[in-house]
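Shown next, in structure tokens, is the structure this report addresses.
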Ligand code: NAD
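Residue numbers (the numbering used here): 308 to 679.
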């Protein structure tokens, strides 16, 4: 055995097996997750890491087979795991179900149950894909940002009800944030900024909303603890504009749940395709849930044409943020870049659709491009 193989063998013996809960879900979920698993298996071979996969039902398929979008067995598998890899859930079959029997209800439930209070979404514009975006290439030049979104508070989780008002029926959605919820997400964003270019944009609507005023006060109170990070406060409407005008000027953006939902989708579109975007949902500690930003894409499910890159890049995030496997994370990102630079494209990012390759072929090329 040569030195390199001896080294890999040594890491394999020393490294502890990481348990990964795999929840493929619906539509293209199982198709893209299969490619991500191929990539993880290749990294076991190349870097000596060890993974154990346990599969669970979630979303529409779980409604069909178990009568609930988030069965207790699946939650148990996730709680025992070191990290969760999720495909996507949902589809027209379940769209008219009652709220408890909708796949998306399972998504909110799993985040709450696993204590995942932050969602991290990188939006990186690959040079070779600048033409796939609707924005001018010169505006996109150098765009590499991360949106850190609060995930378990705010208006999505506040009390909601209807009532009879003086002028007919009224609907009420309440937005509540406590200082603890704000502080933990803001601290996580400061830590992410410290590892990058040390710039943090905190986005709120402090000119109008009381929750935003508490948000801004909290950011200002803890900012001195991260004195190496430069903080900018940006109103959400201005941020939405600046993301289109000067996206490369942002590095880390931190914001509350609903603003983050909207801004991270806007940032996603800078990159050209939703099929390229990874995400991490984190809580306290290293545990995380990793998933592509896209949904189950029922329009292309079962055709073998979905882009698996978002899910494969989510594995790179998992390696970096949960396991600290920086070598394998960088290797995956480099392999993706090299495959794209060589001109290979799935249909969603191909200019010439007749030359597009399928999900499995894209996964195989990335596996083949992986190097230690
Ligand atoms: P979607 O992201 O599934 O699809 C939007 C468009 O992007 C479609 O045209 C689709 O074909 C395309 N697309 C998405 N991912 C792609 C990929 N990897 N490769 C190539 N093309 C891709 O959003 P939608 O159509 O609004 O929602 C479909 C279902 O997914 C709904 O039931 C929705 O509730 C659910 N959804 C789930 C999640 C999740 O699981 N986290 C997120 C968003 C939407």
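All C-beta atoms, glycine included, are put in the ideal place defined by N, C-alpha and C.
Keep in mind the model is a prediction, meaning the values are calculated, not measured.
For residue 415, the secondary structure class from DSSP, reduced to helix, strand or coil, is helix. In the structure shown, residue 597 falls within a strand segment according to DSSP collapsed to helix, strand and coil. When distances are taken from the beta-carbon of residue 614 to the heavy atoms of ligand 1, the shortest one is below 7 Å. DSSP places residue 325 in no alpha helix (DSSP H) but in the uninterrupted beta strand (DSSP E) bounded by 325-332.
Distance from the C-beta of residue 670 to the nearest heavy atom of ligand 1 is not below 7 Å. Distance between residue 465 and residue 489, taken at the CA atoms: about 15 Å.
By the criterion of a C-beta distance shorter than 7 Å, residue 380 is surrounded in its chain by 363, once the five residues flanking it on both sides are discounted.
For residue 549 and residue 640, the gap between their C-alpha atoms comes out near 27 Å.
Following the DSSP letters along the chain, one finds residue 662 in no alpha helix (DSSP H), marked with neither H nor E.
The Cβ atoms of residue 455 and residue 427 sit closer than 8 Å to each other.
Nearest to residue 604 by C-alpha distance, out of 391, 542, 441 and 580, is 580.
Bridge partners of residue 506 according to DSSP: 537. Counting the other Cβ atoms within 10 Å of the Cβ of residue 638 gives 16 or more, which makes it buried. Per DSSP, the unbroken alpha helix (DSSP H) holding residue 354 starts and ends at 336-354. Inclusion of residue 414 in the 7 Å shell around ligand 1 follows from its C-beta lying nearer than that to a non-hydrogen atom of the ligand.
One alpha carbon belongs to residue 346, the other to residue 634, and they sit about 14 Å apart. Annotation for residue 601 indicates a beta carbon within 7 Å of some heavy atom of ligand 1. Going by DSSP, residue 470 is part of the beta strand (DSSP E) stretching over 467-472. A straight-line Cα-Cα distance of about 7 Å links residue 525 and residue 486. Between ligand 1 and residue 532, a heavy atom-to-CB distance of less than 7 Å is absent. A buried status is given to residue 571, since no fewer than 16 other beta-carbon atoms sit within 10 Å of its beta-carbon. Per DSSP, the unbroken alpha helix (DSSP H) holding residue 518 starts and ends at 517-529. In terms of CA proximity to residue 612, 337 leads the group 330, 332, 589 and 337.
Per the Cβ contact rule, the segment 592-602 is not in contact with the segment 551-561 (fewer than 3 Cβ pairs under 8 Å). In the three-state reduction of the DSSP assignment, residue 448 falls in the coil class.
In this structure, residue 581 has its CB closer than 7 Å to one or more heavy atoms of ligand 1. DSSP links residue 475 through a beta bridge to 472. Taking the CA atoms as reference points, residue 417 sits about 9 Å from residue 385. Rounded to the nearest whole angstrom, the C-alpha separation of residue 373 and residue 355 is 37 Å. The alpha carbon of residue 431 has as its nearest neighbour, out of 371, 585 and 551, the alpha carbon of 585. Relative to residue 399, the option among 410, 393 and 390 whose CA is nearest is 410.
Taken from the Cβ of residue 332, at least one heavy atom of ligand 1 lies inside 7 Å. Taking C-beta atoms as the reference points, residue 342 and residue 670 count as a pair closer than 8 Å. Boundaries around residue 395 are those of the beta strand (DSSP E), 390-395, since no alpha helix (DSSP H) includes it. Between residue 587 and residue 620, the beta carbon gap of about 10 Å keeps them out of contact (Cβ cut-off 8 Å).
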